[in-house]
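Colleague:
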Amino acid sequence: MSFRIALLGIYHESNTFVPEATVSADFINGHYLKGDAIRKEYQTAHNEIGGMMEVMDREGMEIVPVMYASATPGGTISANTYSSLLSNMMDELEKVLPVDACLVIPHGAGVSEEFPDMDGHWLSLLRKKVGKSVPIFGTLDLHANVSPLMVSSTNALVAYKQNPHVDMRQRGVEAANLLVQFLKGNTNPVQVLVQLPLAISIEQQLTAHEPCKSLYAYADELSSDPEILSLSIQHGFPYADVEEMGTSIIVVANGNHDKARDTARKLEKYILDRKESFVGHKNDIPSSLNLIDKSEKPVLLLDMGDNVGGGGPANNCCLLEAFEESKKYKYFVCIYDPEAVRLAESHQPGEAFELTIIGTGKNGVKTYRPKVKLVRITNGDFQESNPRHGGQINFRMGKTAVVSTEEGSVIMLTSLRVMPFSLQQLISQGVNPADFDAIVAKGVNAPIAAYAPVCPTVIQVNTPGVTQADMTLFKYKHRRKPLFPFEQEL
Ligand SMILES: [Zn+2]
28 MSFRIALLGI YHESNTFVPE ATVSADFING HYLKGDAIRK EYQTAHNEIG
78 GMMEVMDREG MEIVPVMYAS ATPGGTISAN TYSSLLSNMM DELEKVLPVD
128 ACLVIPHGAG VSEEFPDMDG HWLSLLRKKV GKSVPIFGTL DLHANVSPLM
178 VSSTNALVAY KQNPHVDMRQ RGVEAANLLV QFLKGNTNPV QVLVQLPLAI
228 SIEQQLTAHE PCKSLYAYAD ELSSDPEILS LSIQHGFPYA DVEEMGTSII
278 VVANGNHDKA RDTARKLEKY ILDRKESFVG HKNDIPSSLN LIDKSEKPVL
328 LLDMGDNVGG GGPANNCCLL EAFEESKKYK YFVCIYDPEA VRLAESHQPG
378 EAFELTIIGT GKNGVKTYRP KVKLVRITNG DFQESNPRHG GQINFRMGKT
428 AVVSTEEGSV IMLTSLRVMP FSLQQLISQG VNPADFDAIV AKGVNAPIAA
478 YAPVCPTVIQ VNTPGVTQAD MTLFKYKHRR KPLFPFEQEL
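Add 27 to a position in the sequence shown, counting from 1, and you land on the number used in my numbering.
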């Protein structure tokens, strides 16, 4: 028997501490795709959509791509933008109904001005639209802040298990396989959510390292029970002031609700028993620079306070400033500054000039004026074909300027905010990563998948900003309580 499966999603990680709202243009500059364009973009990508298509094609089931919209992580989505995305998606869905099932791609940490639990909101509307009898299966980001509404509106959700997220395609395959088994009548998935009284600190979320490595080994052990169909740990996204902010566990069991609940509780106990290990050590800027001398180069310096994949502005200049003060290291840094690109454009390659960068410093906006030479101007497009965090193939930086300093350091200036998830961001612009003592990437864990092959040393630097590492420095009004490490006693 052949089934028709609708595929749809609004995918955004919203940082509510970023003052600027995320608007329609950000989705248009990201991915705002309908129908076959979704298949064209993602069929071969290391992304959950490609994984879902792979399974459905293999099973001879008809996948019906409806709409998929994603934007670079940023501020809360404006009310108008979300309302237009949602009505657009529901209109597109209406055109293809009836369907036998839905595959959904929420991020799980989307916030709109009107709906703090944006993903719960659209998933619940989808449930209302298709009715209880139509199964809804899907994926979540490992950083999802999962609400009870997301879980009650779906049959099964599967989160990425790796950070950097290089297993997105496999998780799409896993979610689609769960759906196939259900449609064939082989399973009866029941889903349980446990929200922990804890939020794992961002610098401890690297899944190949401790404490996560042992946590996932224990999760694998629990998953080996034949009644457990899927087990997900959502670390949570600390930069959203919402009720569901924090770590959570989803267990999908075969018909056995108690087994799902007990398994989730066991994993919760494992984490709470080791809660101190989920708060990491933080390196400040001077000590991080000192570490460069003793380290094998190039050193990857992760600018934690300006994590573009967490909504950072991509123009924090604290590390640039420290490098320019020391004049000791050859560095690479990429800064989002469309005005600086325009200034660079008014010069010829090889010409020296004083650049003006308007960036973020420790105490707000700051202007930097390094003396540079223009190397080149490009249209900023590049492609990535390897499995990397985010699973995207096509990247756009907008018009991009590459400039060099007298010491041979390179500053790349972009017209769009870009997440540093691909080495092609440098190579495609004629920049050789091996030329530097240090490379700054504006992220915490995600860039490691791209940079580890060329950077033998990785240092997470505790820089200030809207994604600073110490979440206890933010003022939350809506988070659940008690929540470790905010409350030490649980
Ligand atoms: Zn994530």
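For each residue, glycine too, the CB sits at the ideal point set by N, CA and C.
Could you tell me if R369 is buried or exposed, where buried requires 16 or more neighbouring beta carbons within 10 angstroms of its beta carbon?
Modeller: Label assigned to R369: exposed.
Colleague: Classify F350 as helix, strand or coil using the three-state DSSP reduction.
Modeller: Helix at F350.
Colleague: Taking three-plus beta-carbon pairs below 8 Å as touching, is the stretch 467-478 in contact with the stretch 400-408?
Modeller: no
Colleague: Counting C-beta neighbours from all protein chains within 10 Å, is the total for V488 16 or more, i.e. buried, or is it exposed?
Modeller: buried
Colleague: Quick one: Cα of M88 to Cα of S29, how far?
Modeller: In this model, M88 and S29 are separated by some 5 Å (Cα to Cα).
Colleague: May I ask whether a heavy atom of ligand 1 can be found less than 7 Å away from the beta carbon of L169?
Modeller: The closest heavy atom of ligand 1 lies less than 7 Å from the beta carbon of L169.
Colleague: I need the DSSP call for P216, collapsed to helix, strand or coil.
Modeller: Strand.
Colleague: Take P143 and list the residues in its own chain whose beta-carbon comes closer than 6 Å to its own, dropping the five residues that flank it on each side.
Modeller: V269
Colleague: Could you give the distance in angstroms between the alpha-carbon of L327 and the alpha-carbon of T387?
Modeller: 21 Å
Colleague: I need the DSSP call for L113, collapsed to helix, strand or coil.
Modeller: helix
Colleague: Please classify L382: does DSSP put it in a helix, a strand, or coil?
Modeller: coil
Colleague: Which term fits N204, buried or exposed, when burial requires 16 or more other beta carbons within 10 angstroms of its beta carbon?
Modeller: buried
Colleague: Using a Cβ-Cβ cut-off of 7 Å (strictly less than) and excluding sequence neighbours within five positions of V467, which residues of its own chain qualify?
Modeller: L328, D330, L346, Y358, F359 and V360
Colleague: Output the boundary residues of the alpha helix (DSSP H) element that contains S455.
Modeller: Neither: S455 is in no alpha helix (DSSP H) and is coded neither H nor E.
Colleague: Does the count of Cβ pairs from the stretch 110-121 and the stretch 77-84 closer than 8 Å reach three?
Modeller: no
Colleague: If I measure Cβ to Cβ from M94 and keep anything under 6 Å in the same chain, skipping five residues before and after, which residues do I get?
Modeller: Cβ neighbours of M94 within its own chain (closer than 6 Å, five residues either side excluded): L35, K61, M116 and E119.
Colleague: Considering only C-alpha positions, which residue in the set E352, G332, L223 and K159 is nearest to K508?
Modeller: L223
Colleague: If you compare alpha carbons, which of Q419, Q197 and G470 is closest to Q495?
Modeller: G470
Colleague: Can you give, in chain order, each stretch of the beta strand (DSSP E) that sits fully within the stretch 41-101 and has at least 3 residues?
Modeller: 58-61 and 89-97
Colleague: Using alpha carbons as the reference points, say which of L153, I420, S442 and V437 lies closest to V399.
Modeller: V437
Colleague: Excluding the 5 residues flanking P175 on each side, which residues of the same chain have their C-beta closer than 7 Å to its C-beta?
Modeller: L220
Colleague: By Cβ distance, which residues of its chain are closer than 8 Å to T181, with the 5 residues on each side in sequence left out?
Modeller: V131, L150, R154, I163, F164, G165 and Q218
Colleague: According to the neighbour-count rule (16 or more other Cβ atoms, all chains shown, within 10 Å of its Cβ), is Q261 buried or exposed?
Modeller: By the Cβ neighbour-count rule, Q261 is buried, with 16 or more other Cβ atoms within 10 Å of its own.
Colleague: Report yes if the CB atom of T99 is closer than 8 Å to the CB atom of V335, and no otherwise.
Modeller: Taking 8 Å as the Cβ cut-off, T99 and V335 qualify as a contacting pair.
Colleague: Starting from the C-beta of E141, find all residues in its chain whose C-beta is less than 8 Å away, skip the five residues before and the five after it, and write them out in chain order.
Modeller: Answer for E141: A106, Y109 and S110, listed in chain order.
Colleague: Under three-state DSSP, which class holds Y395?
Modeller: strand
Colleague: On the DSSP letters alone, give me the boundaries of the beta strand (DSSP E) that G36 sits inside.
Modeller: R31 to Y38
Colleague: Check the C-beta distance from Q535 over to N472 and give it rounded, since I have them as a contact under 8 Å.
Modeller: Here the chain covers residues 28 to 517 and nothing more, so residue 535 does not appear.
Colleague: Is it the case that the Cβ atoms of L258 and A267 are separated by a distance below 8 Å?
Modeller: no
Colleague: By a C-beta neighbour count over all protein chains shown, 10 Å radius and 16 as the cutoff for buried, is L500 buried or exposed?
Modeller: With fewer than 16 Cβ atoms within 10 Å of its Cβ, L500 is classed as exposed.
Colleague: Looking at H192 and ligand 1, is the gap between the Cβ and the nearest heavy atom below 7 Å?
Modeller: yes
Colleague: Closest by CA to E75, which one among Q189, P340 and V138?
Modeller: It is Q189 whose Cα lies nearest to the Cα of E75.
Colleague: How do the stretch 447-465 and the stretch 363-381 stand: do at least 3 beta-carbon pairs fall below 8 Å, yes or no?
Modeller: By the Cβ criterion, the stretch 447-465 is not in contact with the stretch 363-381, since fewer than three pairs of Cβ atoms, one from each stretch, lie closer than 8 Å.
Colleague: For L249, report the span of its alpha helix (DSSP H) as first-last.
Modeller: Taken as a continuous stretch (DSSP letters only), the alpha helix (DSSP H) holding L249 covers C239 to S250.
Colleague: Could you tell me the alpha carbon to alpha carbon distance between D462 and P325, rounded to whole angstroms?
Modeller: 8 Å
Colleague: Taking DSSP as the reference, what is the three-state secondary structure of N204?
Modeller: helix
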